[in-house]
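**Q** The structure follows.
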Amino acid sequence: MRLKSFKQGIHPGYYKGLSENGPIKKCPSPKKVIIPLSQHTGAPCKPLVERKDKVERGQKIGEADAFITSPVHSSITGTVKSIDKQPHPVSGSFDAVIIERDESIEEKEWEKGVIDLEKISADEVRKKVREAGIVGLGGAAFPASVKISPPKEKPIDTIILNGCECEPYLTADHRIMLEYTDDCILGLKVIMKTVGAKKGIVGIEANKMDAFKLFLEKTKDEGNIDVELLEVKYPEGAEKMLIKALLSREVPAGGLPMDVGVVVHNVGTAVSIVEAVRDNKPLIERVVTVTGKGVNNPGNFMVAIGTPFSDVIEAAGGLKDNAVKVIMGGPLMGIAQSGLDVPVVKGTSGILVLTADETDIEEEVNCIRCARCVDHCPMYLIPTEFVKFARGEAWERMDSVNIMDCIECGSCAFVCPSKIPIVQYIKLGKLALRNLKSKKG
Amino acid sequence: MNIIVISTIAMGGLGMFFAIILAITNKKLYVKEDPRIEKVLEALPGVNCGACGNASCHDLAQKIVKGEAEPHDCPVGDSEVTENIANILGIESKEVITKVAIVHCGATEKIRKKRAVYIGGQTCRVADIIGGEISCSYGCFGYGDCVTVCLFDAIEMVEGLPVIDLMKCTGCGQCVEACPRNIISIEDFSKEKLTSTISIACNNPDKGAVVRKICEVGCIGCSLCEKNCEDGSFYMDGMLARIDYSKVYNSEKWDLVIEKCPAKTIKKLGKESKCVCVTHP
């Protein structure tokens, strides 16, 4: 059988065996959490608490007044120590609320409720998802409430549940699919009901056969839910690639999946949506894969949002002596960190620790115009042009070669024989182009 | 033989024909330009830097002659340029205070504290996307983007920090635009009267204890400079000392302030400083 897939892309080593077999463990509740006021795509939150305020686990502590935004909640019970600039794993530093745990008070837990799929209304789901601060847990952290509120002129016919997890090393979604199978399927049904979609597809890469069989078994009575097996290839889990592979539809340049009648959600997001709608539980913890040859006991952990990386790594047995590089996320799209004092945010799917012999420190040399990057770009872009224009600071010309369509998957930099940091140049170009456009007004 | 003669005559004839047409059109279609524009253009620095807001030096020259701009509108030109232009136009020139770029970071390569190893694009702009390798999130990266953009060859990297030659610098502001960390500012500096100036070599607005941890020479916000120099030429902007450059030239307390600064953040720039080569005529 030929598996569904997209054209181009890469086949990196997957290294999932380090952490895919153990169950999700609970990371000990931290003494202190750092909760950044911006953990999502969109308008940053304003704090709702002040210094020395007592906060409860699950209490809303930050909110913004905009359409594309998501509130933040306290993940522990304790006292607000301060609100100021703190290290942030994505943007370097950002305003954050620091909360110290009060060990005398037992932390709040949420009781499991029930969902009556017939009775729930779309508006109620949207409101609950927004209040719970749910964002896409795959990494981009786009507010989930926006994704499930498509405008009327764009009808949605298919919901795709993304269980590809094509990034090497990461196994958080794999474990969620195995341990929260019912919640994943229920979440898919809730989303389908909310946006009025007729069909649901669960896309799973062929290296997670156990999860595929489990889903197939559990959905055999569901006529409108398909479970599809996909080729193991990077970036299969990028939503535009996934839509292409499963439905042969192409998202237009600059458009969103809803333009072709599709909404893609990560499996972890579906579980969080169920927890928000059923139990009224806000997004205050997530599954994080702590892995790599640089940690002693790699595994998957349920971590409270805001826990410093150092605490999470401690829970995984600590760093080995030869650990040199810590990355938030996977090795291809993840962001290298400059310290372990950064907190876990909603978009932290993994903490990867690499050792000295794994990190390639080869020097960047000139482009030899071999076009390997062009051959592997899943978006059919020309990365050589981006580098050329970024070096010459020709930002406007970058727009003419469609830089904004780049999904920053890193396939180009992975195959580059000259070791050019192409994605870094692309990020610089996008940033400069955005600044230029906002300047022009 | 014949061919050579014919071709010589033919080519010569063609040449003559076009030369005559060119000569006639030159006379007939001549655009009269104010001769003063040419003279003003010659008096201007002529680097087309765009700092005045016009497309080129010729553009500014045209506007000056038309009266739409003033002789001192060229931010790059010193008072000599202004005077020359005023003489050409036969108007009185105003006194101009020239401007120079001043660097607000004093952490050299040696004392700069690093929190990680950075491997990637070796320009400040690229490094700034992920914060680079230095501990201070306000300090100089030292890759020298400012040196690359300087049109006047006035910036040199010394021990990993940009050092600006006050006499070559024209205050055009290209380096200010290029610096992703905003550590360069344009300040008043009268080159005729002075050969040196003073700078607070820090741009970190954080509290003293935080700054102290990441930098030996960062401003800790003690406000001693403000107290020691009572004429208001130093003032505190939150936890960071700043200089009011319109007052600093009248101050005679520089040396005292520099000596008393506990973090040695305040630096003298120019003639007395060893780093800067002065090439004033």
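Protein sequences appear in the order of chains A and B.
Residue numbers for the first sequence follow the working numbering, so the first one is 349 and each next one is one higher.
Residue numbers for the second sequence follow the working numbering, so the first one is 853 and each next one is one higher.
Cβ atoms here follow ideal geometry from the backbone N, Cα and C, with glycine treated the same way.
Keep in mind that this is a model prediction, so the values were computed, not measured.
1) Determine which residues of the stretch 602 to 627 of chain A have a Cβ less than 9 Å from any Cβ of chain B, and write them out in chain order.
2) From the beta carbon of A907(B), is the nearest beta carbon of chain A less than 9 Å away?
3) Can you name the start and end residues of the beta strand (DSSP E) that R523(A) belongs to?
4) Is any beta-carbon of chain A found at less than 9 Å from that of V969(B)?
5) Sort I709(A), L680(A), I446(A) and T417(A) by Cα distance to A489(A) and report the nearest one.
6) For E455(A), list the residues DSSP reports as bridge partners.
7) Apart from the five residues on each side of it in sequence, which residues of its chain come closer than 7 Å, Cβ to Cβ, to Y601(A)?
8) Can you find a CB in chain B that lies within less than 9 Å of the CB of S686(A)?
9) In angstroms with no decimal places, state the Cα-to-Cα distance between L590(A) and C512(A).
10) What is the DSSP secondary structure of E1124(B), counted as helix, strand or coil?
11) Could you tell me whether the Cβ of T1131(B) comes closer than 9 Å to any Cβ of chain A?
12) Indicate whether I453(A) and V428(A) have their beta-carbon atoms separated by less than 9 Å.
13) Helix, strand or coil: which one does DSSP assign to F1086(B)?
14) With a threshold of 9 Å between beta carbons, is E744(A) in contact with chain B?
15) Strictly under 9 Å for the Cβ-Cβ distance: is K787(A) near chain B by that measure?
16) Counting contacts by CB-CB distance shorter than 9 Å, is Q434(A) in contact with chain B?
17) With burial defined as no fewer than 16 other Cβ atoms inside 10 Å of the residue's Cβ, what is the status of E368(A): buried or exposed?
18) Taking all protein chains shown into account, do 16 or more other C-beta atoms lie within 10 angstroms of the C-beta of E587(A), making it buried, or fewer, making it exposed?
19) Taking the runs of the beta strand (DSSP E) that are 3 residues or longer, which of them lie wholly in the stretch 1011 to 1077 of chain B?
20) Have a look at L729(A) and C757(A) and give me their C-alpha separation to the nearest angstrom.
21) Using a C-beta to C-beta distance shorter than 7 Å, which residues of chain B count as neighbours of I539(A)?
22) Measuring only between beta-carbons, confirm whether G973(B) sits less than 9 Å from chain A.
23) Compare the C-beta of E712(A) with all C-beta atoms of chain B and state if any pair is closer than 9 Å.
24) Could you check the C-alpha separation between E459(A) and T975(B) for me, to the nearest Å?
25) How many whole angstroms separate the CB atoms of A664(A) and G642(A), which I take to be in contact at a CB cut-off of 8 Å?
26) I'd like to know if the stretch 523 to 541 of chain A and the stretch 463 to 472 of chain A are in contact, where contact means that at least 3 CB-CB pairs between them fall below 8 Å.
27) Among the candidates K581(A), E741(A), D558(A) and T707(A), whose CA atom is the shortest distance from the CA of P726(A)?
28) Between which two residues does the alpha helix (DSSP H) containing E587(A) stretch?
29) Where K433(A) and E553(A) are concerned, what is the direct C-alpha to C-alpha distance, given to the nearest angstrom?
30) Any C-beta of chain A sitting closer than 9 Å to the C-beta of V1028(B)?
31) What three-state label does DSSP hand S759(A) in the structure shown?
32) According to the Cβ coordinates, are G616(A) and L485(A) closer than 9 Å?
33) What does a CB cutoff of less than 7 Å around C721(A) pick up in its chain, not counting 5 residues either side in sequence?
34) Just to confirm, are R634(A) and I661(A) a CB contact at a threshold of 9 Å?
35) Counting C-beta neighbours from all protein chains within 10 Å, is the total for E894(B) 16 or more, i.e. buried, or is it exposed?
36) Using 8 Å as the threshold, is the stretch 565 to 579 of chain A in touch with the stretch 617 to 632 of chain A, meaning 3 or more CB pairs across them?
**A** Answer, in terms of the structure:
1) none
2) Cβ-Cβ to chain A under 9 Å: no for A907(B).
3) It is not in any beta strand (DSSP E) - R523(A) instead sits in the alpha helix (DSSP H) that spans A520 to E527.
4) Taking Cβ atoms only, chain A reaches closer than 9 Å to V969(B), which makes this a yes.
5) T417(A)
6) Note: E455(A) sits in no beta bridge, so no partner.
7) This sequence places Ala at residue 601(A); Tyr is not what is there. If we look at A601(A) and ignore the five residues flanking it on each side, its Cβ neighbours are N750 and D753.
8) yes
9) 9 Å
10) Confidence in E1124(B) is poor, its pLDDT being 48 and thus under 50, which makes the residue's placement unreliable; the coordinate value appears in the next sentence. Three-state result, E1124(B): coil.
11) With a pLDDT of 30 at T1131(B), under the threshold of 50, the predicted position of this residue should be treated as unreliable, though the coordinate-derived value follows. It does not; no Cβ of chain A falls within 9 Å.
12) Taking 9 Å as the Cβ cut-off, I453(A) and V428(A) do not qualify as a contacting pair.
13) Secondary structure at F1086(B): strand, using DSSP grouped into helix, strand and coil.
14) no
15) no
16) no
17) By the Cβ neighbour-count rule, E368(A) is buried, with 16 or more other Cβ atoms within 10 Å of its own.
18) buried
19) Uninterrupted beta strand (DSSP E) stretches at least 3 residues long and entirely within the stretch 1011 to 1077 of chain B occur at 1013 to 1016, 1036 to 1040 and 1048 to 1052, given in chain order.
20) 12 Å
21) The premise fails here: I539(A) is roughly 34 Å from chain B at the closest Cβ pair, so nothing lies under 7 Å.
22) yes
23) yes
24) 53 Å
25) With 8 Å as the limit, A664(A) and G642(A) do not qualify as a contact, their Cβ atoms being about 10 Å apart.
26) yes
27) K581(A)
28) E587 to L595
29) 40 Å
30) no
31) helix
32) yes
33) Cβ within range, chain order: P731, T732, C760, V763, C764 and I770.
34) For R634(A) and I661(A), no; Cβs fall outside 9 Å.
35) exposed
36) Verdict: no, contact absent.
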